[in-house]
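Chemist: Sharing a structure below in structure tokens format, with a few things to ask.
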Amino acid sequence: MAPLSVGLVGYGFSGSTFHAPVLSAVDTLSLAAVVTSQGDKVTADWPGTRVYDDIQTLLADSTIDLVVITSPNTLHYTHARAALEADKHVVVEKPFTITSREADELIELAERQGLVLSVYHNRRWDNDFLTIRKIITSDLLGRVHDYEAHFDRYRLEVRDRWRERDLPGSGNLYDLGSHLIDQALVLFGSPQTVFADLRKQRPGAHSVDSFYLLLGYEQCRVVLCAGMLIRAQGPRFQLHGDRGSFVKYGIDPQEEALRQGGRPGEPGWGMDGPETYGILTTEVAGLSMETRIPTEIGNYQSYYRGISEAICHGRPSPVKASEARDTIRVLELAEESQRRGQRTDW
């Protein structure tokens, strides 16, 4: 069977770093065309790939099976809708849409057309998150009552780019917050309440660059944080249960490897060194025991392998559009909480 033909909309940081190299590592997918104004860069990176000036030309290409949307957030809904109406399967870069209403409309359209619609929540395949999922499902911590995740950086400069302008869906909440919320929903489901403290901390910031989210569950408290002025970073994840705790420092290496031109499948891909293994603390016979837990291997290409199987064999999508819609709903509730200065109900 010939590989699925993929058309990529956008060749900025996301398209060139997180999508083209990752999907090209899956032998059942083929990057056939890119919509971009940076044609020379595409040709240098992917010789033989067609370059189109606009999305309409791509959608008119009958050979394209799957369209990957990596345009600015404000265009996700419009571009995804156009691709579905052109009878193409669709992957949308996170965040899915600006509003949950837009997400619902796309979900309904995809179901009516009988097409696969998914969102690229690649951080489900971070090595640290895969490790946490394994620890929780193995019941090593017992009932988890506290979960805290951070995505901190130190970037004092406010860049002149759409991600940091005063636009709908811009800022750190929709960027990094989408990742952290999606991971929390995978582990614990929809929260009962959402509380948010959203800030513009850096001088000259036009959009939210620091956030604190508190997701309330019946038996668990989930704290999600990100900031751009964190020079000395603490733990990436902290989990505490009635049988023990797990603390993990460091961040999955796949993003940095992709930034440096690496490709999935290379030796050591997605692997941690022992110095960054997380520590599991439990009690055995009245004695506190600390155990370093080897980190699972990160694997972003698993997402696109799952997309191929969903399209070709009718298997479940690796990220359901309805799950990504719920992430958008939490973002909406966070903004409502900020406006009202109180917790909001799911």
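Sequential numbering from 13 applies to the sequence shown in the working numbering. Using N, Cα and C, we set each Cβ at its ideal position, and we do this for glycine too.
Taking contact to mean at least 3 C-beta pairs separated by less than 8 Å, is the segment 320 to 327 in contact with the segment 184 to 204?
Modeler: no
Chemist: If you drop the 5 nearest sequence neighbours on each side, which residues of the same chain put their C-beta closer than 7 Å to that of R202?
Modeler: The amino acid occupying residue 202 in the given sequence is Ser; Arg does not appear at that position. The answer, listed in chain order, is D338 and W358.
Chemist: Where does V342 sit, in a helix, a strand or coil, going by DSSP?
Modeler: DSSP places V342 in helix when its eight states are reduced to three.
Chemist: Taking only runs of the alpha helix (DSSP H) that begin and end inside the segment 58 to 98, which ones reach a length of at least 4 residues, in chain order?
Modeler: 67 to 71 and 88 to 97
Chemist: The alpha helix (DSSP H) spanning C237 covers which residue range?
Modeler: Looking at the DSSP string, C237 is not in any alpha helix (DSSP H); the run it does join, the beta strand (DSSP E), is R233 to A238.
Chemist: If we ignore side chains and look at the alpha-carbon of each, how far apart do G277 and I81 end up?
Modeler: 24 Å
Chemist: Can you give me the Cβ contacts of E114 inside the same chain, cut-off strictly under 6 Å, excluding the 5 residues immediately before and after it?
Modeler: Y89
Chemist: Is DSSP giving V54 helix, strand or coil here?
Modeler: V54: helix per DSSP, three-state reduction.
Chemist: Output the distance between the C-alpha atoms of Q245 and V234, rounded to the nearest integer angstrom.
Modeler: Cα to Cα, the separation comes out at about 19 Å.
Chemist: What does a CB cutoff of less than 8 Å around I148 pick up in its chain, not counting 5 residues either side in sequence?
Modeler: V156, L199 and L251
Chemist: Among the candidates A56, D77, I144 and S320, whose CA atom is the shortest distance from the CA of Y289?
Modeler: When A56, D77, I144 and S320 are compared, the shortest CA-CA separation from Y289 is found for I144.
Chemist: DSSP three-state call for Y289: helix, strand or coil?
Modeler: Secondary structure at Y289: coil, using DSSP grouped into helix, strand and coil.
Chemist: Could you tell me the distance, in whole angstroms, from the CA atom of V259 to the CA atom of I291?
Modeler: V259 and I291 have their C-alpha atoms spaced approximately 5 Å apart.
Chemist: Starting from the N-terminal side, write out each stretch of the alpha helix (DSSP H) that is 4 residues or longer and does not extend beyond the segment 172 to 209.
Modeler: Counting only runs of 4 or more, we get 184 to 200.
Chemist: Can you say whether G256 is buried or exposed, counting buried as having 16 or more other CB atoms within 10 angstroms of its CB?
Modeler: buried
Chemist: Helix, strand or coil for R155, going by three-state DSSP, please let me know.
Modeler: Look at R155 here: in three-state DSSP terms it is coil, with no helix or strand label.
Chemist: Just tell me which of F249, M240, G228 and L142 has its CA closest to the CA of I309.
Modeler: L142
Chemist: Please state the DSSP three-state secondary structure of R327.
Modeler: Residue state for R327 is assigned as coil, using DSSP reduced to three classes.
Chemist: Roughly how many angstroms lie between the CA atoms of V34 and G181, to the nearest whole one?
Modeler: 25 Å
Chemist: Determine the burial state of K106: buried for a count of at least 16 other Cβ atoms within 10 Å of its Cβ, exposed for fewer.
Modeler: Label assigned to K106: buried.
Chemist: With DSSP as the reference, label Y315 as helix, strand or coil.
Modeler: helix
Chemist: Using CA coordinates, which residue listed in F25, L20, G24 and A37 is at the minimum distance from G318?
Modeler: Shortest Cα-Cα distance from G318 to any of F25, L20, G24 and A37 involves A37.
Chemist: How close, in whole Å, do the beta carbons of H162 and P247 come, if the pair is a contact with beta carbons under 8 Å?
Modeler: 7 Å
Chemist: Quick check on this structure: which residue in F108, L152 and G126 has the alpha carbon closest to the alpha carbon of C295?
Modeler: For the sequence presented, residue 295 should be read as Glu rather than Cys. Ranking the options by Cα distance to E295, first place goes to L152.
Chemist: Would you mind stating whether I242 and D138 have Cβ atoms separated by less than 8 Å?
Modeler: no
Chemist: Taking the continuous beta strand (DSSP E) assigned at E105, which residues delimit it?
Modeler: H101 to E105
Chemist: Taking the alpha carbon of D99 as the point to measure from, which residue in D284, F207 and L129 has its own alpha carbon closest?
Modeler: L129
Chemist: Going by C-alpha distance, which of E268, G282, T111 and A238 is nearest V220?
Modeler: A238
Chemist: In three-state DSSP terms, what is R214?
Modeler: coil
Chemist: Please state whether the Cβ-Cβ distance between G253 and G154 is less than 8 Å.
Modeler: yes
Chemist: Based on the DSSP output, what are the partners of V259 in its beta bridges?
Modeler: Q250 and I291
Chemist: Mapping the DSSP letters down to three states, classify I305 as helix, strand or coil.
Modeler: strand
Chemist: Ignore the nearest five residues each way along the sequence and tell me which others in D116's own chain have a CB closer than 8 Å to its CB.
Modeler: R337, listed in sequence order.
Chemist: What is the DSSP secondary structure of H31, counted as helix, strand or coil?
Modeler: In the structure shown, H31 sits in a helix (DSSP, three-state: H, G or I).
Chemist: For the alpha helix (DSSP H) that S112 lies in, which residues bound it at each end?
Modeler: S112 to Q125
Chemist: Any idea what DSSP makes of T149, helix, strand or coil?
Modeler: helix
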